[in-house]
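Engineer: Below you'll find the structure I mean.
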Amino acid sequence: MTKPDILLMGPYPDWDLAELEERYQVHKIYSAANREAFLAQHAPNIRAIATRGELGASAELMRSLPKLEIVSCYGVGTDAIDLAHAKANGIRVTNTPDVLTADVADFGVALLLAAARQIPKGDAYVRDGHWATGNMGLVTRVCGKKVGIVGMGRIGSAVAKRLAGFDCEISYFDINRRADLHYSFVPDLTELARRSEFLIVTLAGGESTRGIVDAPVLAALGANGILVNISRGSTVDESALIDALERRTIKAAALDVFASEPNIDRRFLALDNVVLQPHHASGTVETRQAMGQLVRDNLAAHFAGQPLITPVV
Ligand code: 8YV
Numbered sequence: 001m002t003k004p005d006i007l008l009m010g011p012y013p014d015w016d017l018a019e020l021e022e023r024y025q026v027h028k029i030y031s032a033a034n035r036e037a038f039l040a041q042h043a044p045n046i047r048a049i050a051t052r053g054e055l056g057a058s059a060e061l062m063r064s065l066p067k068l069e070i071v072s073c074y075g076v077g078t079d080a081i082d083l084a085h086a087k088a089n090g091i092r093v094t095n096t097p098d099v100l101t102a103d104v105a106d107f108g109v110a111l112l113l114a115a116a117r118q119i120p121k122g123d124a125y126v127r128d129g130h131w132a133t134g135n136m137g138l139v140t141r142v143c144g145k146k147v148g149i150v151g152m153g154r155i156g157s158a159v160a161k162r163l164a165g166f167d168c169e170i171s172y173f174d175i176n177r178r179a180d181l182h183y184s185f186v187p188d189l190t191e192l193a194r195r196s197e198f199l200i201v202t203l204a205g206g207e208s209t210r211g212i213v214d215a216p217v218l219a220a221l222g223a224n225g226i227l228v229n230i231s232r233g234s235t236v237d238e239s240a241l242i243d244a245l246e247r248r249t250i251k252a253a254a255l256d257v258f259a260s261e262p263n264i265d266r267r268f269l270a271l272d273n274v275v276l277q278p279h280h281a282s283g284t285v286e287t288r289q290a291m292g293q294l295v296r297d298n299l300a301a302h303f304a305g306q307p308l309i310t311p312v313v
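Right, dumping it as structure tokens:
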């Protein structure tokens with residue numbers, strides 16, 4: 001039997017690649033020297049896209065693949081996939097929910113601790129020999145503080161659960177109140193920021209959340225406030241954030257995601273009050289193995305004519 005042709009949007013770990021190559025004819029668009037020539041050669045046969053959360057699949061790309069049946073996303077966020085186009089054209093879409101929730105939530109807490117307790121600064125302080133001669137200065141406590149969670153979905157509620165264990169007072173903003181949770185619901189994001197010492201963004205990306213953390217929200221968070229973003233760079237007005245960090249109208253930020261990844265705004269690099277990470281919240285061996293398995297299980301279900309495991313469209 002001939003192997004179905006699939007288009008790989010970005011690099012996958014070797015263990016996934018080996019498994020995919022066993023079952024599919026894998027075409028790596030990210031390593032093509034000439035994208036147009038690559039598509040001209042392979043597009044007519046492609047039946048599936050295996051993407052990555054942040055890379056996605058545009059309508060233009062999907063339009064160029066006449067035999068496309070499914071987009072299997074290696075990530076929970078599908079904001080970079082044109083879902084409307086997929087739906088209108090009978091193209092299925094799957095993602096990898098749940099398997100990454102715990103690691104992403106752990107990382108949100110780690111980033112909060114890193115920013116508040118200034119862990120990167122302490123590390124540099126020891127390495128560059130200043131410990132013997134200087135004074136690192138005091139940092140900000142995390143336990144017992146008021147935390148605002150922006151987006152109380154799977155990841156938001158896992159972050160809340162962890163920080164409740166730090167005796168933090170948890171409030172949240174979302175479209176609707178979660179009847180199953182006892183945390184305080186604040187339907188106005190600026191008001192949530194005003195009430196919070198730390199704001200942790202876990203919202204899904206996309207047009208409805210673009211720039212939702214804007215200048216007034218940052219102003220309300222205030223000069224002692226810390227912002228953590230583990231969602232998508234698009235949810236934060238990055239110019240407003242850089243301005244707030246430069247003018248110290250918020251205390252600090254810790255960011256795993258950026259408006260333009262991986263080539264982030266270089267103004268971040270000059271700031272000592274921001275912790276920068278390379279979109280790696282789900283990047284543990286355990287979670288990435290589970291994500292890769294789910295991508296393959298969805299593809300296998302599709303090509304076997306069985307129900308998809310985690311369908312989005
Ligand atoms: C991954 C993500 O870093 O799940 C998502 O939406 O953005 C992350 O888990 C990404 O998908 C891996 O490329």
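The numbering of the sequence shown is full-length UniProt numbering, which starts it at 1 and goes up by one.
Glycine is no exception: its CB is placed at the ideal position from the N, C-alpha and C atoms.
Can you give me the C-alpha to C-alpha distance between residue 162 and residue 143, rounded to a whole angstrom?
Structural biologist: 11 Å
Engineer: Please report the straight-line C-alpha distance between residue 12 and residue 139, rounded to a whole angstrom.
Structural biologist: 38 Å
Engineer: Just to confirm my understanding: we take residue 287, look at its own chain, exclude 5 residues before and 5 after, and list those with CB closer than 7 Å. What are they?
Structural biologist: Only 99, 100, 103 meet the Cβ criterion.
Engineer: So, with DSSP's three-state summary, where would you put residue 308?
Structural biologist: coil
Engineer: Are the CB atoms of residue 72 and residue 48 within a distance shorter than 8 Å?
Structural biologist: yes
Engineer: So, with DSSP's three-state summary, where would you put residue 281?
Structural biologist: coil
Engineer: When the Cα atoms are used, what is the spatial distance from residue 200 to residue 169?
Structural biologist: 13 Å
Engineer: Candidates 198, 219, 148: which alpha carbon is nearest residue 187's?
Structural biologist: 148
Engineer: Hey, quick one: how far does the beta strand (DSSP E) through residue 275 stretch, first residue to last?
Structural biologist: 274 to 276
Engineer: My output table needs one value for residue 172: the three-state DSSP class, helix, strand or coil.
Structural biologist: strand
Engineer: Starting from residue 189, trace the alpha helix (DSSP H) in both directions and tell me its first and last residue.
Structural biologist: Element bounds for residue 189: 189 to 195.
Engineer: Go ahead and pull the three-state DSSP assignment for residue 200.
Structural biologist: strand
Engineer: Alpha carbon to alpha carbon, how far is residue 304 from residue 8?
Structural biologist: 20 Å
Engineer: What are the start and end residues of the beta strand (DSSP E) that includes residue 41?
Structural biologist: Element bounds for residue 41: not the beta strand (DSSP E) but the alpha helix (DSSP H), 35 to 42.
Engineer: Decide if residue 3 is buried, meaning its Cβ has at least 16 other Cβ atoms within 10 Å, or exposed.
Structural biologist: exposed
Engineer: Just to check, is the beta-carbon of residue 157 closer than 7 Å to a non-hydrogen atom of ligand 2?
Structural biologist: Ligand 2 is absent from the structure shown, which contains only ligand 1.
Engineer: Under 8 Å between the Cβ atoms of residue 68 and residue 151?
Structural biologist: no
Engineer: Of the choices 131, 243, 264, whose alpha-carbon is the least far from that of residue 234?
Structural biologist: Looking from the CA of residue 234, the closest CA among 131, 243, 264 belongs to 264.
Engineer: Any residue with its C-beta under 6 Å from a non-hydrogen atom of ligand 1 counts. Can you list them all in chain order?
Structural biologist: Going by the Cβ distance cut-off, the answer is 52, 53, 54, 74, 75, 76, 77, 100, 279, 282.
Engineer: Rounded to a whole number of angstroms, what is the C-alpha to C-alpha distance between residue 214 and residue 56?
Structural biologist: 25 Å
Engineer: Let me make sure I understand the geometry here. Which of 293, 198, 21, 81 has the alpha-carbon closest to that of residue 114?
Structural biologist: 198
Engineer: Taking DSSP's pairing of strands, which residues face residue 208 in a bridge?
Structural biologist: Its beta-bridge partners do not exist; DSSP assigns none.
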